[in-house]
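K.L.:
Chains as they are written, first to last, in this note's numbering: chain A, 80 to 326; chain B, 2 to 302; chain C, 355 to 1008.
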Amino acid sequence: MAMTDIEHDDHGDSHGDDHAGGHHETPESRDQKERMALWLLIAGDGLFLVLEIFVWFYLRALNTNGGWIFAKCTTAIANAQPGSSRNLCTNGLANVANSANTAITAPIPKADPTWGIIVAVLIVVAALLAWGAERASRERGGRGAIGGLGALFFVFVLASIVMQIVQFQELPFTTVDGAYASTYEFFMGSTLAHLLLVGFIAYGLWHRAQKNMYADGRYYRLRIIRIFTVWVAVSTIILVGVSALFY
Amino acid sequence: MSSETHDHDAGRVGGPEHDGLEHAGHEIDNYLSGKPFFSRAGGKIFIIWLPMTAVGVLISLFLPHHIFPALLSNQGTDVFETMVFFSILAAPVAAIVYAVGIYSLVAWRPKKHNMSEPPPDGAPQRGDGPLTTIWLVASTALVLVLLVWGITVWSAQQVTHSNTLVVKVIGQQWAWDFQYPGTSVVSHDLMLPVNRPVEFQITSEDITHGFWPVNLGVQVDANPNEVTIIRATPDRMGKFTVRCSQLCGLYHAFMYSPGDVVSSQQFANFLVAQGAKPAAAARLAETQPTISGLSATVAGS
Amino acid sequence: MSTATEIHYLEDTNLGPKAGGLYRRQNIFTGLAVGIISGFIGWLVSHALLQSSNWGTDMVVTVTMASWVIGFNAGMGTFNAPFRWLRGKDQTHEDELYAAGVSQGGWRYWKYCTDHKVVGTQYLVFVMALFGVGGALAMMIRTQLITPHSTFLDPETYNAIVTIHGMTMIIATIIMVSGPFANFIMPIMIGAKDMAFPRLNAMSFWVIFSAVPPLMATFFLGGVDAGWTTYAPLSVQAPAAMDAFAICIITFVVSVTVAGINTVVTIMTMRAKGMTMGRLPIFVWASMVGGALGLYAMPAFLLDMSMMITDRATGTSFFVNQVGGNGWLWENVFWIMGHPEVYVILIPGVGAILEICSTFARKPVFAYKVAIAGFVGIASLSIMVWAHHMFTTGWAPLLAGPFMVTTELISIPTGIIFLVIVGTLWKGSIWTRLPMYFAYLFLWNFIIGGVTGIYLSDVPADQYFHGDMFVTAHFHYTLLGGAMIGATAGVCYWFNKMTGRMLDEKIGKVAFWFIAIGIQVTYFGQFWEGFQGMPRRVAYYDPIFLHANQMSTAGAYVLMLGWLIFLYAMIHSWRNGEIAPPNPWHARTLEWLIPTPVPLENFLVDPVVTEDPYGYGDTPPPGQLAPFAEPEPEREPELVPVGADASASDGGSH
């Protein structure tokens, strides 16, 4: 490969905090890389979300052994395929390895979607606040505005985490109550994991805004945070929507 | 600055200028003068390719007879024929790749060459549009042939017959049970009457097993709380083995049952011996079944 | 115009006494110590709080293993930068230089080092260790199968060994090219100074490092007896080892995801001036496609293993049919990961082979753009073929047809790979050095692997062969005979650039013949077993399979001998091999135009690329980039303006 020109590397320049591995980088190239990485991460996370929804609908459609929701037991008996020697309605969960030996005869109630909706609303507001912080940084660069919005952002994410945990407490079923209950709780768990990550980031944003680290055109770092928070909000809405609408 | 362009020869280490250039030089000249790039070597490679293909086809035709166990059903015959047919199709393709590979080692390796230095460059051949097109068209055509074959055979296997013997198969760690509906027979041996289409309805008591009556050329998993179905028409008498093809825990290796394709009379006798009522046994073992669909001729013979 | 005064080696930078912060105190030993302590605390706490619940043991094992992983990484330094970010105390330039290994000598190989070359070397050694473990397990399997009813292993141990052999090899093969070479070589190939995210790069290595102890711990937790595919519901009932197994996979997923993102972003954003996408070396394209495909596959693995843990440790019902779950769910999600994943293994290996074919045939890569289209075609089709692993599960008989179509279509882009290799060899002048030996072996094996794959893609034939030794032989031909031989060729090709010493070709060729013959004997034996109808993963077998098994075992011993000789060649050459010149193969990709050993940040002056690296027979070979003289430890590097005296340096290297 022929080299026809040689350029100087600018080692020995003054160093900001935009560098990696030891060599100097412009904020623009840093921004470009981080955003591309973020979108790739969101693509992977999006696939995870799609597969979670697949799990929901696949288990719901199969309704193996009438175990999606025990309320539908009567239908399941009617449709029981020949050779299906066990049925939850008649046999309960007895003799099933690795699960509690509690025969369930009463149908489980549907989970109250209100809690999920509250979580979704809180994280949506948090995403809007992150957006506001980004705008504040881009337009005014003021420490106060970003810090204030950052604090609010953190508070709302924290509230959504708390609400998500409360929802676990308030569920009318536990993990052993069939596929519907399992998938419902799995959705909540995956949302909680995302919220905890956003909580970590939100705290950092707030703290760093206090230290005036988002001044002088560094809004692009807030944009990274905003994009991810919006994505978490969108995925939360989707999960809450699926689990509330498709009983 | 633009001083990176070097004198070609000065930059190269090595012996005399024409060392080893007989091949490469000619080919480059041919290439540059617009002569057909693939003309000279093609004939010799064809001479290598032809016997390799012939050997491949012969192996495809004769080897399966010796390494397959006796295949006792229509589906087994399908497997056998598919193997032979696909192998015959694959032989020329594999042979062309191998022929070029061998020829490249024999003919295009510079002789009397100092191994610590690179030989002179080959032709700057960056691609060949027509060749690529031919390759793509040919491979697509081959794939289409495979697909037509596969889908034809597969859909023929899906035809249901009116007088099918139903056998319920129940897998559990680590044994197979076979039930013959209409009788009370539960057997550890799988007995089947010859020339009678069979539908296996398979389920499992505990975890996933793989129901694989080897010589019948079919298999499907046994899943708890699900019934899976597989069909076969045994067309030759003989003994075989039912194996488990999914790892199912500690004694997976010991999860097998003997099987036997027998005449209708023997089958009826077997059922009676196992406790079935003679009338029911006779009905299950009924000869001359009425069969609809593609394999009527096979079954009727 | 560059001059000597403007260039200095970064290695020689004097760092302040506090550069690096916490990194100064962290190395593999603190990692192990913190990991073990953390795991122990995790065990204590979970044992006290959770042992009495319904799934106590599973919860305890899960928490303990997760604590180990988190603790190890905390002790290693994985979390330093995120927490410094959180506290608003970002790393300074000096800290970054320290983390990149400045003035730490060989010690940096034992630390959280962000230099991509250190990470690449760490990966190389780690992969060799994994192959050692996986290979030893394979030999135990083959030894057990010498006789039909061997008492060498009991069936419980045998099943555990089969599982861990599979998963160790899957982990090793996924990282065997994208670890050492896509980290060490690929950034240099595109003219970059490092990966896009050097810290994530170090993270990807140490995270995968921490994933392996839980995998090995499975032997002491009862063993996973469900095969590497860990089909539910058997795996839900497996001993507590399965929890450690799942934690291993989740950790592994984090590593591969991070590495995949890093690779793609590096290639998209870090290319040197003039290095357009159309001039990228083919190996870089292969790395990018492999990395992106890994990114597609891993979320499914994460989901599957997360649900496995909740099924086992909290009693959910995803996979147990009796309580409303379904084993087919596991199988679907698993193979949505599983089939792309085999191409994550394969494609980078093929990229290395194409690079080698071009160099040693002294010809351009044939039909470069078609080859890229082939990679992309394989990658995009591979996400639509997963259910061919499930033709015989009975989950959806109607879908067998469509999946047979997509599966067989994938042989068109795979055929392109053969066209490109054959076209590159065509009328080249073949330089039969050691890497080329392995390239030919790849060609031989991969044809066999490919053709046998066609039988399996056909539903009627698959109904016979599914789940028997034919499948085992087929995927070993593609993954060992294809991908791993590609990686081995890559080792032979890039060893001198990575270690500074030439690989001993005499010993290497002895190893080659053992490996080449060993593979054929071993796996033809297994094809034979498959034709006869021997199921996979059996500890005992019907005596009718005796001869085929003995053939396979004999071949396996030959193969083992070959790998041991190869390992000896590597270790021997690494320690006392001939000092490597910068460009022993007279190749034209950028990694050969810089000195060996490669200085920190690779290019002391930014390269500018004006053409692709395959100008053989067409354009004059490029010279070395400044400083082209081999830097010697005692001596200041000799700095000569680029191009002024290139031929001297070229000649001087011999």
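Backbone N, C-alpha and C fix where the C-beta goes; we use that ideal spot for every residue, glycine too. Nothing here was measured: the structure is a model prediction, and the numbers come from that model.
Are the beta-carbon atoms belonging to C/Ala-843 and C/Ala-793 less than 8 Å from one another?
P.N.:
Within the third sequence, numbered from 1, the residue matching residue 843 of chain C stands at position 489. Within the third sequence, numbered from 1, the residue matching residue 793 of chain C stands at position 439. C/Ala-793 is positioned such that its CB atom lies closer than 8 Å to that of C/Ala-843.
K.L.:
Alpha carbon to alpha carbon, what distance is there between C/Thr-468 and B/Val-318?
P.N.:
Residue coverage of chain B in this structure runs from 2 to 302, which leaves residue 318 of chain B outside it and unanswerable.
K.L.:
Can you name the start and end residues of the beta strand (DSSP E) that B/Ala-176 belongs to?
P.N.:
What you label residue 176 of chain B is simply residue 175 of the second sequence in a count that begins at 1. Here the beta strand (DSSP E) through B/Ala-176 covers 176-180.
K.L.:
Looking only at its chain, what residues have a beta carbon closer than 8 Å to the beta carbon of C/Ser-558, apart from the 5 residues adjacent to it on each side?
P.N.:
Position 204 of the third sequence, counted from the first residue, corresponds to residue 558 of chain C. The answer, listed in chain order, is Val-473, Ser-609, Val-610, Val-612, Ala-613, Asn-616.
K.L.:
Kindly list the residues whose CB is nearer than 6 Å to the CB of B/Pro-235, restricted to its own chain and excluding five residues on each side of it in sequence; keep chain order.
P.N.:
In the second sequence, residue 235 of chain B corresponds to position 234, counting from 1. Apart from sequence neighbours up to five positions away, the residues of its chain that approach B/Pro-235 with a beta-carbon distance below 6 Å are Leu-73, Ser-74, Leu-193, Val-195, Val-262, ordered along the chain.
K.L.:
What residues from chain B crowd round C/Asn-537, counting only those whose CB sits closer than 7 Å?
P.N.:
For this step, residue 537 of chain C is matched to residue 183 along the third sequence. Ordered by position in chain B, no residue passes the 7 Å Cβ test against C/Asn-537, which lies about 27 Å from the chain.
K.L.:
If you scan the region 785-872 of chain C from start to end, which runs of the alpha helix (DSSP H) of 4 or more residues do you find wholly inside it?
P.N.:
Secondary structure within the region 785-872 of chain C: the alpha helix (DSSP H) runs of 4 or more consecutive residues, fully enclosed, are 788-811, 813-819, 823-832, 839-853 (chain order).
K.L.:
For C/Asp-1032, does the count of other Cβ atoms within 10 angstroms reach 16, so buried, or fall short, so exposed?
P.N.:
Chain C is shown from 355 up to 1008; residue 1032 of chain C falls before or after that span and cannot be answered.
K.L.:
So which residues on chain B does C/Phe-866 lean against when the C-beta distance must stay under 8 Å?
P.N.:
Locating residue 866 of chain C in the third sequence gives position 512, where the first residue counts as 1. Going along chain B, no residue has its Cβ under 8 Å from C/Phe-866, so there is no contact; the nearest lies around 14 Å.
K.L.:
What is the rounded straight-line gap between the Cα of C/Gly-840 and the Cα of C/Cys-711?
P.N.:
What you label residue 840 of chain C is simply residue 486 of the third sequence in a count that begins at 1. What you label residue 711 of chain C is simply residue 357 of the third sequence in a count that begins at 1. Using only the alpha carbons, I get a separation of about 11 Å.
K.L.:
Just to confirm the assignment: which complete alpha helix (DSSP H) runs, minimum length 4, are found wholly within the region 378-440 of chain C?
P.N.:
382-404, 410-430, 434-440
K.L.:
According to the Cβ coordinates, are B/Phe-241 and B/Pro-214 closer than 8 Å?
P.N.:
As a first step, residue 241 of chain B is located in the second sequence; it is residue number 240 there, counting from the start. As a first step, residue 214 of chain B is located in the second sequence; it is residue number 213 there, counting from the start. In this structure, B/Phe-241 places its C-beta atom within 8 Å of the C-beta atom of B/Pro-214.
K.L.:
Just to make sure I have the definition right: I need the residues of chain B whose C-beta is within less than 8 Å of the C-beta of A/Thr-143. Which are they?
P.N.:
Start at 1 with the first residue of the first sequence, and residue 143 of chain A comes out as number 64. Asn-226, Glu-227, listed in chain order.
K.L.:
Using CA atoms only, rank isn't needed, just tell me which of C/Pro-541, C/Pro-534, C/Ile-390, C/Glu-365 is closest to C/Gly-460.
P.N.:
Here residue 460 of chain C refers to the residue found at position 106 of the third sequence. Here the closest residue by C-alpha is C/Glu-365.
K.L.:
Can a CB atom of chain A be found closer than 8 Å to the CB of C/Ala-754?
P.N.:
Locating residue 754 of chain C in the third sequence gives position 400, where the first residue counts as 1. Chain A, which has no Cβ nearer than 8 Å to the Cβ of C/Ala-754, makes this no.
K.L.:
Under 8 Å, with one C-beta from each stretch per pair, do the region 517-529 of chain C and the region 897-916 of chain C reach the 3-pair mark?
P.N.:
no
K.L.:
Helix, strand or coil for A/Gly-101? Go by DSSP, reduced to three states.
P.N.:
Sequence index remark: in the first sequence, residue 101 of chain A carries index 22 (1-based). Residue placement at A/Gly-101 is flagged as unreliable, the pLDDT there being 42, under the threshold of 50; a coordinate-derived value is accordingly withheld.
K.L.:
Taking only the alpha-carbon atoms, compute the straight-line gap between A/Phe-279 and C/Ala-420 and give it to the nearest angstrom.
P.N.:
On the first sequence, residue 279 of chain A is found 200 positions in, with the first residue counted as 1. On the third sequence, residue 420 of chain C is found 66 positions in, with the first residue counted as 1. For A/Phe-279 and C/Ala-420, the distance between alpha carbons rounds to 19 Å.
K.L.:
Between B/Trp-155 and C/Gly-755, is the Cβ-Cβ spacing less than 8 Å?
P.N.:
Stepping through the second sequence from its first residue, residue 155 of chain B is reached at position 154. Stepping through the third sequence from its first residue, residue 755 of chain C is reached at position 401. Yes. Within cutoff.
K.L.:
How about the region 660-679 of chain C and the region 499-511 of chain C: do they share at least three Cβ pairs that are nearer than 8 Å?
P.N.:
no
K.L.:
Give the DSSP-derived three-state secondary structure of B/His-189 in the structure shown.
P.N.:
Along the second sequence, read from residue 1 onward, the residue named residue 189 of chain B stands at position 188. Correct three-state label for B/His-189: coil.
K.L.:
Taking the beta carbon of B/Val-149 as the centre, do at least 16 other beta carbons fall within 10 Å, making it buried, or is it exposed?
P.N.:
As a first step, residue 149 of chain B must be located in the second sequence, where it is residue number 148. Burial call: exposed.
K.L.:
For A/Phe-247, I'd like the list of residues in its chain whose CB is within less than 7 Å of its CB, leaving aside the five on either flank, ordered along the chain.
P.N.:
Counted from its first residue, the first sequence places residue 247 of chain A at position 168. When the five nearest sequence neighbours on each side are left out, the beta carbons in the same chain lying within less than 7 Å of the beta carbon of A/Phe-247 are those of Met-267, in order along the chain.
K.L.:
According to the Cβ coordinates, are C/Trp-560 and C/Asn-427 closer than 8 Å?
P.N.:
As a first step, residue 560 of chain C must be located in the third sequence, where it is residue number 206. As a first step, residue 427 of chain C must be located in the third sequence, where it is residue number 73. Against a cut-off of 8 Å, the Cβ pair of C/Asn-427 and C/Trp-560 comes out as a contact.
K.L.:
Is it the case that the region 720-739 of chain C contacts the region 763-779 of chain C, given that we only count it when at least three CB pairs across the two stretches are under 8 Å?
P.N.:
yes
K.L.:
With a threshold of 8 Å between beta carbons, is A/Tyr-282 in contact with chain C?
P.N.:
Taking the first residue of the first sequence as position 1, residue 282 of chain A is located at position 203. A/Tyr-282 counts as touching chain C.
K.L.:
From A/Ala-323 to B/Phe-87, what distance separates their C-alpha atoms?
P.N.:
Within the first sequence, residue 323 of chain A is the residue found at index 244, counting from 1. Within the second sequence, residue 87 of chain B is the residue found at index 86, counting from 1. Approximately 51 Å, taken between the alpha carbons.
K.L.:
Consider the Cβ of B/Lys-36: report whether some Cβ of chain C lies at a distance smaller than 8 Å.
P.N.:
In the second sequence, counting from the first residue as 1, residue 36 of chain B sits at position 35. Note that B/Lys-36 has pLDDT 49, beneath the 50 cutoff, so the model's placement of it is unreliable and the number below is only indicative. Taking a beta-carbon distance threshold of 8 Å, B/Lys-36 does not count as an interface residue toward chain C.
K.L.:
Put A/Tyr-282 into one of helix, strand or coil per three-state DSSP.
P.N.:
Along the first sequence, one-based indexing puts residue 282 of chain A at 203. Reduced to three states, the DSSP call for A/Tyr-282 is helix.
K.L.:
Using CA coordinates, which residue listed in B/Gln-267, B/Ala-254, B/Leu-145, B/Ser-105 is at the minimum distance from C/Tyr-791?
P.N.:
Taking the third sequence and counting its residues from 1, the one referred to as residue 791 of chain C is at position 437. Nearest C-alpha to C/Tyr-791 among B/Gln-267, B/Ala-254, B/Leu-145, B/Ser-105: B/Ser-105.
K.L.:
Taking a Cβ distance cut-off of 9 Å, strictly less, list which residues of the region 237-268 of chain A are near chain C, in chain order.
P.N.:
Thr-253, Thr-254, Val-255, Asp-256, Gly-257, Ala-258, Tyr-259, Ala-260, Ser-261, Thr-262, Glu-264, Phe-265, Gly-268
K.L.:
Mind pulling the chain C residues with CB within less than 8 Å of A/Ser-108?
P.N.:
As a working note, residue 108 of chain A is residue 29 in the first sequence. Within chain C, the residues Thr-623 have their CB atoms less than 8 Å from the CB of A/Ser-108, given in chain order.
K.L.:
Determine, for C/Tyr-809, whether the minimum Cβ-Cβ distance to residues of chain B falls below 8 Å.
P.N.:
For the purposes of this step, residue 809 of chain C is taken as residue 455 along the third sequence, with counting starting at 1. Taking Cβ atoms only, chain B reaches closer than 8 Å to C/Tyr-809, which makes this a yes.
K.L.:
Using the rule of at least 16 other Cβ atoms within 10 Å of the residue's Cβ for burial, across every protein chain shown, is A/Ser-178 buried or exposed?
P.N.:
By 1-based counting over the first sequence, the position of residue 178 of chain A is 99. Note on A/Ser-178: pLDDT 38, under 50, position unreliable in the model; no value is reported.
K.L.:
Mind reading off the beta-carbon distance from A/Ala-260 to A/Thr-253? Whole number of angstroms is fine, and I expect it under 8 Å.
P.N.:
As a working mapping, residue 260 of chain A is identified with position 181 in the first sequence. As a working mapping, residue 253 of chain A is identified with position 174 in the first sequence. A/Ala-260 to A/Thr-253, Cβ: 7 Å. Contact.
K.L.:
Measuring alpha carbon to alpha carbon, tell me which of C/Trp-939, C/Phe-729, C/Asp-812 ends up nearest B/Pro-121.
P.N.:
Mapped onto the second sequence, residue 121 of chain B falls at position 120. Measuring from the Cα of B/Pro-121, the nearest candidate turns out to be C/Trp-939.
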